[in-house]
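Residue numbers (my numbering), protein chains in the order written: chain L, 1 to 267; chain W, 1 to 99. Idealized CB from N, CA, C, for every residue including glycine. To keep things clear, I will list the structure first and then write my remarks on it.
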Amino acid sequence: MPYIDPHIHMVSRTTDDYARMAEAGCIAVTEPAFWAGFDRSNPAGFFDYFRQLTDTEPKRAARYGIAHYCWLCINPKEAEDVGFAREVMGLIPEFLDRPNVLGIGEIGLNKNSRNELVILEEQIELARRHDRLILVHTPHLEDKLKGTRLIIDALRNAAVDPGRVLIDHVEEHTVAQVLDAGFWAGMTLYPDSKCTPQRAVDIIECYGRERIWINSAGDWGPSDPLAVPKCHVEMRRRGHGEDLTRRISLENPLAFLGQCPSFQPRI
Amino acid sequence: MAESTCPLSGQDVVERYFMEHRAKLLDIAAFLDRIDRAGPPPGHEDVRVRALRRAIPLLVDGAGDRTRRVLELFSDHSRDPIPTASTQAALGVDSGTAY
Chain L
1 MPYIDPHIHM VSRTTDDYAR MAEAGCIAVT EPAFWAGFDR SNPAGFFDYF
51 RQLTDTEPKR AARYGIAHYC WLCINPKEAE DVGFAREVMG LIPEFLDRPN
101 VLGIGEIGLN KNSRNELVIL EEQIELARRH DRLILVHTPH LEDKLKGTRL
151 IIDALRNAAV DPGRVLIDHV EEHTVAQVLD AGFWAGMTLY PDSKCTPQRA
201 VDIIECYGRE RIWINSAGDW GPSDPLAVPK CHVEMRRRGH GEDLTRRISL
251 ENPLAFLGQC PSFQPRI
Chain W
1 MAESTCPLSG QDVVERYFME HRAKLLDIAA FLDRIDRAGP PPGHEDVRVR
51 ALRRAIPLLV DGAGDRTRRV LELFSDHSRD PIPTASTQAA LGVDSGTAY
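Below, the structure is given as structure tokens:
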């Protein structure tokens, strides 16, 4: 079945991963800008990173018939230094009109600090000013519950249309507040630190199939670029039909991402 | 939370998932045994292990919604942003909670 992995960091993956994902049915990926596992020493490092996201990766993906789209931002882990973050933000507008750019992301919070929040608010404003979709990273582990509340408050204060925002990495203690507020919700399938495929299917069974998707968030850490099709196996294992798989991994991503006119993967 | 739409019966769930969760329970038991064998840490027991011990009764209290409640037990429940981020990493449980 064709599917979309709407959050994966292909700059950290090998070309073999593109091949395996294509064999498993992946037709499109969207890649948010994120932390590279170390802090960049200079804002100019992001200029090359944005070139990689908007030029190199689409070509690499296309060799396997996968459409590559991306999101641009300064990630929250490198947002504590406000001056540094603002310099990176200054680079973004010149890339926004590249054909594979969907919007601003993954913005959000990491340790829920005041400076992270300042930069989050400024990036929400950047998205509003350019009428772009927003992809939100919620904090890890013990910081997620508080961070999700702060993020939703910031989005509400900015009067952003919740239908144009996806809040990612939801788990059982945050999914309801995200969906109830009208936002889209993403579940990340990680072996240890976020949702397992089993828990993701539990959440779908309990909270429904509206405004929700799954992603692998495959990166340089413990993660699996085939986590999405493996979650489809879990759905089938429980007796769910292909309608559920199509809804979560094709129709829902198409509905949310399709709000950006340049998102036109070949199905 | 809506009513679950899982197509499986309760017995189906047990048949499909028992063995893997039996193994996960044994992993937790072995982890706690390993800590015991390594000897008591200086001072208080690590906050992560204290939180883990506090979470285990939630699994058998019969109140349901266990995953959400365990995640909430491990979470920071404060409301205001912290002044500065002195680390980028998360611990897994809230170090400010008296577990």
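Query, Result
"Buried versus exposed call for GLN11 (chain W) [16 or more other C-beta atoms within 10 Å across all chains shown]", "exposed"
"For THR188 (chain L), three-class secondary structure by DSSP", "strand"
"ARG266 (chain L) at chain W interface by Cβ criterion, 8 Å", "no"
"Residues near LEU100 (chain W) by beta carbon distance below 8 Å, same chain, minus five either side", "Because residue 100 (chain W) is not part of the residues shown, which for chain W are 1 to 99, the question remains open."
"GLY239 (chain L): contacting residues in chain W (beta-carbon distance under 7 Å)", "PRO7, LEU8"
"CA-to-CA distance, LEU145 (chain L) to ARG54 (chain W), given in whole angstroms", "19 Å"
"Short CB-CB distance (under 8 Å) between ASN75 (chain L) and chain W", "no"
"Endpoints, the beta strand (DSSP E) within which ASN215 (chain L) is located", "212-215"
"Beta bridge counterpart(s) of HIS77 (chain W) as assigned by DSSP", "Looking at the DSSP assignment, HIS77 (chain W) forms no beta bridge with any residue, so it has no partner."
"Beta-carbon gap between ASN110 (chain L) and GLN88 (chain W) smaller than 8 Å", "yes"
"Bridge-paired residues (DSSP) for SER113 (chain L)", "W:ILE82"
"ASP161 (chain L) - DSSP class collapsed to helix/strand/coil", "coil"
"Collapsed DSSP secondary structure at GLY10 (chain W) in the structure displayed", "helix"
"Euclidean distance between Cα positions of PHE95 (chain L) and TYR64 (chain L)", "25 Å"
"C-alpha gap between LEU179 (chain L) and ILE152 (chain L), whole angstroms", "11 Å"
"8 Å Cβ cutoff, GLU72 (chain W) in contact with chain L", "yes"
"Buried or exposed (CB count within 10 angstroms, at least 16 for buried), ALA200 (chain L)", "buried"
"Interface flag, ARG268 (chain L) vs chain W, CB-CB below 8 Å", "The structure shown has nothing for residue 268 (chain L), since chain L only spans 1 to 267."
"From W:VAL49, W:GLY43, W:HIS44, W:PRO42, residue whose alpha carbon lies closest to that of ARG34 (chain W)", "W:VAL49"
"Cβ-based contacts, 9 Å cut-off: residues of the region 122-149 of chain L near chain W", "PRO139, HIS140, LEU141, GLU142, ASP143, LYS144, LEU145, LYS146, GLY147, ARG149"
"Coarse secondary structure for GLY45 (chain L), derived from DSSP in three states", "helix"
"Segment contact flag, the region 47-58 of chain L with the region 11-26 of chain W, C-beta cutoff 8 Å, min 3 pairs", "no"
"CB contact check: SER113 (chain L) to chain W, cutoff 8 Å", "yes"
"For GLY105 (chain L) and ILE134 (chain L), the rounded distance between their alpha carbons", "6 Å"
"Touching by the beta-carbon criterion (3+ pairs, under 8 Å), the region 32-47 of chain W and the region 158-174 of chain L", "no"
"Any 3 or more C-beta pairs closer than 8 Å across the region 74-87 of chain L and the region 119-132 of chain L", "yes"
"Given GLY96 (chain W) as reference, the closest of W:SER78, W:THR84, W:SER86 once Cα atoms are compared", "W:SER78"
"Residue-chain proximity (ASP76 (chain W), chain L), Cβ-Cβ < 8 Å", "yes"
"Proximal residues of chain W, C-beta to C-beta of HIS173 (chain L) below 7 Å", "ARG68, LEU71, GLU72, SER75"
"Distance, ARG128 (chain L) Cα to CYS6 (chain W) Cα", "39 Å"
"Distance between beta carbons of PRO81 (chain W) and ASN252 (chain L), contact taken as under 8 Å", "With 8 Å as the limit, ASN252 (chain L) and PRO81 (chain W) do not qualify as a contact, their Cβ atoms being about 32 Å apart."
"Classification of GLU78 (chain L) by the beta-carbon crowding that lies within 10 angstroms, buried from 16 upward", "buried"
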